[in-house]
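Numbering (the working numbering), first residue to last: 1 to 81.
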């Protein structure tokens, strides 16, 4: 398996984990459990960002083009309505 494929698979896996953690956090009633899952989520986010930077530096990931000021304003307006 190519390194690029492995990196992308790991990034996708971590992305799915982060979604799961967020669901657990939003439903956790126990404060200690909630804080523990938040800490785990934060660690996963840091790992994901570091791996993302490696993938980007190796050319495995090409970010989307940046939104224009007009596009940003359009979304902002729609969300405020």
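Glycine residues also receive a C-beta, built at the ideal position from the N, C-alpha and C atoms.
Following the DSSP letters along the chain, one finds residue 19 inside the alpha helix (DSSP H) bounded by residues 3 to 27. Residue 77: member of the alpha helix (DSSP H) spanning 69 to 80, first to last residue. At a Cβ-Cβ threshold of 7 Å, residue 61 and residue 67 do not count as neighbours. Here residue 40 is not near residue 25, since their CB atoms are 7 Å or more apart.
With respect to the C-alpha of residue 15, the residue from 34, 3, 75, 45 having the closest C-alpha is 45. Going by DSSP, residue 53 is part of the alpha helix (DSSP H) stretching over 31 to 57.
Between the alpha carbons of residue 63 and residue 79 lies a distance of about 24 Å.
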